[in-house]
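Residue numbers (the UniProt record's numbering): 1 to 90.
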């Protein structure tokens, strides 16, 4: 899935750079282009602009990102798959 791959790619960059959590969201959105950039600009402005951006933790950003760019059908499929996992004794 593209959204998952993009997040994984960004996390590799963060690891290589030794990026602190407070900077991850800002670096990630710097990489946005096209529809993602348009969405982010509107969302950020609605939340309070740059002052709000510096408060967004990486985990919170990932949730926002997946809600926007991870297809709803795929979210539901993974949720069902997760809930169907059962522990068995061995």
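We put the beta carbon where it would ideally sit given N, CA and C, even for glycine.
Since the structure is predicted, the reported quantities are computational estimates derived from the model, not experimental observations.
Reduced DSSP category for residue i - H, G, I as helix; E, B as strand; rest coil
i	result
residue 91	Within the shown structure, residues of the chain are numbered from 1 to 90, placing residue 91 beyond reach of any answer.
residue 57	coil
residue 89	coil
Whether residue i touches residue j by CB criterion (9 Å)
i	j	result
residue 88	residue 53	no
residue 66	residue 13	no
residue 17	residue 31	no
Expected contact under 8 Å - CB spacing of residue i and residue j to nearest Å
i	j	result
residue 70	residue 28	In fact, because the Cβ distance is near 15 Å, the residues do not count as touching under 8 Å.
Distance, residue j Cα to residue i Cα
i	j	result
residue 44	residue 50	7 Å
residue 57	residue 64	11 Å
residue 40	residue 59	16 Å
residue 92	residue 19	Past the edges of the chain, shown from 1 to 90, lies residue 92, and the structure says nothing about it.
residue 23	residue 33	19 Å
residue 42	residue 4	22 Å
residue 85	residue 77	13 Å
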